[in-house]
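Right, one structure below, let's go through it.
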Amino acid sequence: MPETKVLVNGEQRTTDLDPRTPLLWVLRDTWNLTGTKFGCGVGQCGACTVILDGDAVRSCLTPLARAAGKQVTTIEGLSRDRSHPVQRAWLVEQVPQCGYCQSGQIMAATVLLSKIPQPTDEDINDAMTANLCRCGTYHRIRRAIHRAAELSAAEARKA
Amino acid sequence: MKLGLGLFRGLFASAALLAGFPWYASDLLRAIPTPQKSDLSQQQSQSVRAFAAMATVLTSPRCLNCHIPGDAPLHGDEGKPHKELNIKRGPDGRGTPAMRCANCHQSENSTALHAPPGAPNWQLPPPSMRMAWQGLSTGDLCRTLKDPAKNGNMTLAQLYRHLDEHPLVLWAWNPGPGRSIPPLSHEQFMVKVKEWMDNGAACAE
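So the protein sequences, as listed, match chains A and B.
Using the numbering used here, the letters of the first sequence map in sequence onto residues 1 to 159.
Using the numbering used here, the letters of the second sequence map in sequence onto residues 160 to 364.
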C-alpha cells in the first residue's frame, strides 16, 4: 500500500494502511489516539468527530485518503494541559455525565467557535444537533459553549 | 442577407466549438433555416414530449431531494426531511458554518450499510439560486430548467454538459444500496435532453 502522511495534532504521522480505511481506526488502532470514540459507525451520532482542516468531520466515515497531507486535530491535540477555552468551559459547567460522547462534542464546539466566535442558541443548535448525548447533557453543552465564547473573548481582550 | 447569415453561422460554430459542443453546434446550424409553421409545431410537440420523458428523471427522489424550496434537504425514496440532524442549506448550499455537508458526505458512497451516500462537492443549490423544482408542473419545471435566472446562469449548452457530466447528476444512477435510480438510464435521459434541445427546448403550457 502507498504511504499516507497526515499531520496529526501538529506531528507528522505516516501509515501504509489501505487509503480506504476509516480515519477513526487509523487514529485509534495505529496511532493510539483513543480519545476519539466509536459510536454508531455511520455518521449519525458524532462521537468520532475530529477536526480536519478546520471542519468537524465524522472520522468513522472519512477515508484515510481524504486526510492525506492535511491537518487533523483530535481531543488529545486541543491543548497539552486542558487549557483550551472549550475544555475549561466544559470543566466549569461540569458538562459530562458518562463522558463517552464528549470528545466529539468538544471538537464540534471548537469548530463552531472557530467559525462563529459568539454563537447564538440557533447557531449552537445548527452545529451541535447531530452530536448525540445519551445522558442528555445538552443544556450544559449549550451553557459551556456560551462560556467558552466568553473565555475566548476575555483572552483576546488580554492579548 | 446571405453574407449576414454566413457570418452568424461562422461565429456561432466557432463559439460552439470553443465551448466543446460540436454536435450541438451542427444540430443548431441545421436548424437555422426558418422552418415552416407546421414543421415548427411538430418540432415543438416532439420537444414537449421529450421533456415529459426528462421530467420523469428530474422529479425522481434522486434529483428532487435537493432541488427544494426550503432549507432542509430531503433524503431517501420517501423524501424525508433531513431534520433529524438539523441539516440546513447554509449560506453557500454546503451546510451551516460548523455543520458542512462534507462533514459526513464523502466524495464517494460509503461502503458501510446505511451510511450516507457521497459524491464530489456534495451540496444543495445555494440560497441565492435555489433551483427549486418541488411541486412544479411539467411545463413550469421546463421553464425553470432553461431559464438562466433560475438554473444557475446556464445556457442550454452548459445545461447539457451539466446533465451529461456533473458528478452529482451522475450520482443519481449510482446512489448506493437502498436508494432507487431514476426511471430512465442516463444514456436514455441524455437522448431525451438532446431531443428536447434540438427541437427548440419547448415547454408545455
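From the three backbone atoms N, C-alpha and C, an ideal C-beta is built for every residue, glycine too.
A quick note: this is a predicted structure, and the numbers were derived from the prediction, not measured.
**Prompt:** Between Gln-347 (chain B) and Arg-88 (chain A), what straight-line distance do the alpha-carbon atoms span, to the nearest angstrom?
**Reply:** 59 Å
**CA-to-CA distance, Val-72 (chain A) to Cys-45 (chain A), given in whole angstroms** = 20 Å
**Prompt:** How should Gln-201 (chain B) be labelled, buried or exposed, when 16 other C-beta atoms within 10 angstroms of its C-beta is the threshold for buried?
**Reply:** exposed
**Request:** Using a Cβ cut-off of 7 Å (strictly closer), state whether Phe-180 (chain B) contacts chain A.
**Result:** Because the pLDDT of Phe-180 (chain B) is 44, which lies under 50, any placement of that residue in the model is unreliable, and the number read from its coordinates should be weighed accordingly. Cβ-Cβ to chain A under 7 Å: no for Phe-180 (chain B).
**Request:** Spell out the partners DSSP gives Glu-11 (chain A) in its beta bridges.
**Result:** A:Val-8
**Contact set for Leu-315 (chain B): own chain, Cβ-Cβ below 7 Å, skip 5 residues either direction** = Lys-305, Met-356, Ala-360
**Asked** Are any of the Cβ atoms in chain B nearer than 7 Å to that of Ala-67 (chain A)?
**Response** no
**Item:** Beta-carbon proximity list for Trp-330 (chain B), same chain, < 6 Å, skipping 5 on both sides
**Value:** Ala-278
**Prompt:** Hey, is the region 232 to 240 of chain B in contact with the region 34 to 43 of chain A, meaning 3+ C-beta pairs nearer than 8 Å?
**Reply:** no
**Message:** Going by DSSP in three states, Val-207 (chain B) sits in which element: helix, strand or coil?
**Reply:** helix
**Asked** Looking at the unbroken alpha helix (DSSP H) that takes in Asp-323 (chain B), where does it start and where does it end?
**Response** 315 to 324
**Request:** For the region 131 to 151 of chain A and the region 92 to 99 of chain A, state whether three or more C-beta atom pairs, one from each stretch, are separated by less than 8 Å.
**Result:** yes
**Request:** Assign Cys-98 (chain A) to buried or exposed, taking buried as 16 or more other Cβ atoms, counted over all protein chains shown, within 10 Å of its Cβ.
**Result:** exposed
**Asked** Is Lys-239 (chain B) helix, strand or coil by DSSP?
**Response** strand
**Asked** Around the Cβ of Ala-156 (chain A), are there at least 16 other Cβ atoms within 10 angstroms (buried) or fewer (exposed)?
**Response** exposed
**Asked** With 7 Å set as the bound, which would you pick, yes or no: does the beta-carbon of Ile-145 (chain A) sit closer than that to a beta-carbon of chain B?
**Response** no
**Item:** As assigned by DSSP and simplified to three states, the class of Arg-189 (chain B)
**Value:** Because the pLDDT at Arg-189 (chain B) is just 47, under 50, the model does not fix this residue reliably, and the point stays unresolved.
**Asked** Of the residues B:Gln-205, B:Arg-221, B:Thr-303, which one's Cα is nearest the Cα of Leu-327 (chain B)?
**Response** B:Arg-221
**Message:** Closer than 9 Å between beta carbons: that is the criterion. Which residues of the region 256 to 281 of chain B meet it against chain E?
**Reply:** Annotation note: the requested chain E is absent from the structure, which comprises protein chains A and B.
**Prompt:** Where do the N-terminal and C-terminal ends of the beta strand (DSSP E) with Gln-71 (chain A) fall, by residue?
**Reply:** 71 to 73
**Message:** Once the 5 residues before and after His-84 (chain A) are set aside, which same chain residues still bring their CB inside 8 Å of it?
**Reply:** Leu-78, Thr-110
**Prompt:** With 7 Å set as the bound, which would you pick, yes or no: does the beta-carbon of Leu-322 (chain B) sit closer than that to a beta-carbon of chain A?
**Reply:** no
**Message:** Which complete beta strand (DSSP E) runs does the region 126 to 155 of chain A hold, if anything under 3 residues is left out?
**Reply:** none
**Asked** Given a limit of 7 Å on CB to CB distance, which residues of the region 125 to 153 of chain A reach chain B?
**Response** Asn-125, Asp-126, Ala-127, Thr-129, Ala-130
**Prompt:** Is the Cβ of Asn-245 (chain B) closer than 7 Å to any Cβ of chain A?
**Reply:** yes
**Request:** Indicate the three-state DSSP secondary structure (helix, strand or coil) for Leu-24 (chain A) in the structure shown.
**Result:** helix
**Message:** Just verifying my parser: in three-state terms, what is the DSSP assignment at Glu-3 (chain A)?
**Reply:** coil
**Other residues of its chain near Arg-20 (chain A): CB distance less than 6 Å, five sequence neighbours each side excluded** = Pro-63
**Asked** Got a sec, what are the start and stop residues for the alpha helix (DSSP H) Val-95 (chain A) sits in?
**Response** That residue, Val-95 (chain A), is in no alpha helix (DSSP H); it is neither H nor E in DSSP.
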